[in-house]
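The numbering of the sequence shown is the working numbering, which starts it at 1 and goes up by one.
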Amino acid sequence: SSTTPPNILTMAKKSSSKAKAAPVKKVSKADPLFPSRPRSFGVGGNIRPAGRDLSRFVRWPKYVRIQRQRAVLYQRLKVPPSINQFTKSIGKNEAASAFNLLNKYRPETAAAKKQRIKDTAAATAAGKEAPAKVPCQLKFGLKHVTTLVEEKKASLVLIACDVDPLELVLWLPALCRKMEVPFLIVKDKARLGTLVHQKTAAVVALTKVNKEDESQLKIFQDLGNEKFNKNTELLRKWGGGIMGLKTQAKLDKRAKANAIEEAKKAASMR
Numbered sequence: 001s002s003t004t005p006p007n008i009l010t011m012a013k014k015s016s017s018k019a020k021a022a023p024v025k026k027v028s029k030a031d032p033l034f035p036s037r038p039r040s041f042g043v044g045g046n047i048r049p050a051g052r053d054l055s056r057f058v059r060w061p062k063y064v065r066i067q068r069q070r071a072v073l074y075q076r077l078k079v080p081p082s083i084n085q086f087t088k089s090i091g092k093n094e095a096a097s098a099f100n101l102l103n104k105y106r107p108e109t110a111a112a113k114k115q116r117i118k119d120t121a122a123a124t125a126a127g128k129e130a131p132a133k134v135p136c137q138l139k140f141g142l143k144h145v146t147t148l149v150e151e152k153k154a155s156l157v158l159i160a161c162d163v164d165p166l167e168l169v170l171w172l173p174a175l176c177r178k179m180e181v182p183f184l185i186v187k188d189k190a191r192l193g194t195l196v197h198q199k200t201a202a203v204v205a206l207t208k209v210n211k212e213d214e215s216q217l218k219i220f221q222d223l224g225n226e227k228f229n230k231n232t233e234l235l236r237k238w239g240g241g242i243m244g245l246k247t248q249a250k251l252d253k254r255a256k257a258n259a260i261e262e263a264k265k266a267a268s269m270r
């Protein structure tokens, strides 16, 4: 049996004689108080005004934030004398003279030491007199310098002011005073490190110097005794306690108000 498909009637769409009405655009009046200033944020478009400092709004790395917060805390909180003494480093000119002296006694590098040992071995094998060792050189390393101070072998000790954590060298000034070894607090650990071929050095020490530098060493020993070893004021003076600008302004305002109040009371008593 054959099946016949059903008749599908399709109606033709009526063509609308009326044209579609165009949408009416609303014309917004410009506000004279707040004029429209469209910005282009493409490359070379709207950029910040030259000379405006936006560093306050920058999200700095965590280590930068921590070191800045630490600096502020050291200003706000009361700092005991044993910690506060590390802020009293020697002056720029004195430090330059001290580093010029220490620069003459830099320890030999690994390559120079290897060459010296090689030359000594060659001279000994040939039956000649071995070259003299380096008699005077700078000593570094916290344990090594501590031993030298305890044995009173150190002539002058230089301590960096920015050791972190500070507890590493916090006790060293007290030890130097007890053993009567002159010491100086200098800026900074990186500068001390360059003297001894390291990135940083917390402390360096001189045991002895050549004859021509003895007078200069004596000057720095006297300077250390005067500014640090025998300076009783340094052991008594607390640091910190400096308020911020807002707090200072608030306290000044309060003090002025109190002064006015006292003046009124004094005037009424007459």
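Glycine included, each C-beta is placed from N, C-alpha and C at the ideal position.
For residue i, three-class secondary structure by DSSP
i, result
"ILE185", "strand"
"ALA160", "strand"
"PHE34", "coil"
"VAL149", "helix"
"LYS78", "strand"
"PHE140", "strand"
"LYS250", "helix"
"PRO107", "coil"
"SER1", "With a pLDDT of only 47 at SER1, under 50, the local geometry of the prediction cannot be trusted, and no value is derived from it."
Sub-8 Å separation of residue i and residue j beta-carbons
i, j, result
"VAL79", "GLY240", "yes"
"LEU195", "LEU138", "yes"
"LYS152", "VAL181", "yes"
"LYS227", "ILE83", "no"
"VAL149", "CYS176", "yes"
"GLN75", "ILE219", "no"
"ASN229", "PHE183", "yes"
Own chain residues within Cβ distance below 8 Å of residue i, not counting five before or after
i, result
"LEU192", "PHE140, LEU158, ALA160, VAL186, THR200, ALA201, ALA202, VAL203 and VAL204"
"SER1", "For SER1, the pLDDT reaches just 47, beneath the cut-off of 50, and the residue's location in the model is therefore unreliable, although a value from the coordinates is still provided. Excluding residues within five positions, none has a Cβ falling inside 8 Å."
"MET269", "none"
"ASP213", "LEU101 and LYS104"
"ASN225", "PRO182"
Proximity winner among the options, relative to residue i (alpha-carbon distances)
i, options, result
"GLN115", "LYS133, HIS144 and LYS264", "LYS133"
"HIS197", "LEU102, PRO35, ARG52 and PRO32", "LEU102"
"ILE66", "LYS88, HIS144, ARG106 and ASP164", "ASP164"
"THR146", "LYS264, VAL169, ALA190 and VAL209", "VAL169"
"LEU234", "LEU166, GLY42, PRO81 and GLU167", "PRO81"
"GLN216", "ALA95, TRP60, ALA71 and ILE117", "ALA95"
"LEU142", "LEU166, ALA121, GLY127 and VAL58", "LEU166"
"LEU206", "ALA255, LEU223 and TYR105", "TYR105"
"ARG222", "LEU77, PHE34, ALA71 and ALA98", "Arg is not the amino acid found at residue 222; the sequence shown has Asp there. Checked all of LEU77, PHE34, ALA71 and ALA98; the closest Cα to ASP222 is ALA98."
"ARG236", "GLN85, PRO32 and ASP31", "GLN85"
Contacting residues, own chain, Cβ-Cβ under 6 Å from residue i (five flanking each side not counted)
i, result
"ARG39", "ASN46"
Proximity test, residue i beta-carbon vs the ligand GTP heavy atom, cut-off 7 Å
i, result
"VAL64", "In the structure shown, the ligand GTP is absent, as is every other ligand, since no ligand is present at all."
Neighbourhood of residue i by C-beta distance below 7 Å, restricted to the same chain and skipping five residues each side
i, result
"LEU172", "ILE159 and VAL203"
"LYS189", "ALA160, ASP162, VAL163, THR200, ALA201 and ALA202"
"PRO61", "none"
"THR109", "HIS197"
"TRP238", "LYS78, VAL79, PRO80, PRO81 and ASN84"
3 or more residues per run - each beta strand (DSSP E) lying fully within the segment 176–237: 183–186 and 203–206, all fully within the segment 176–237.
Whole runs of the alpha helix (DSSP H) within the segment 55–102, excluding any shorter than 4 residues: For the alpha helix (DSSP H) assignment, the uninterrupted runs of no fewer than 4 residues enclosed by the segment 55–102 are, from N- to C-terminal side, 62–76 and 81–84.
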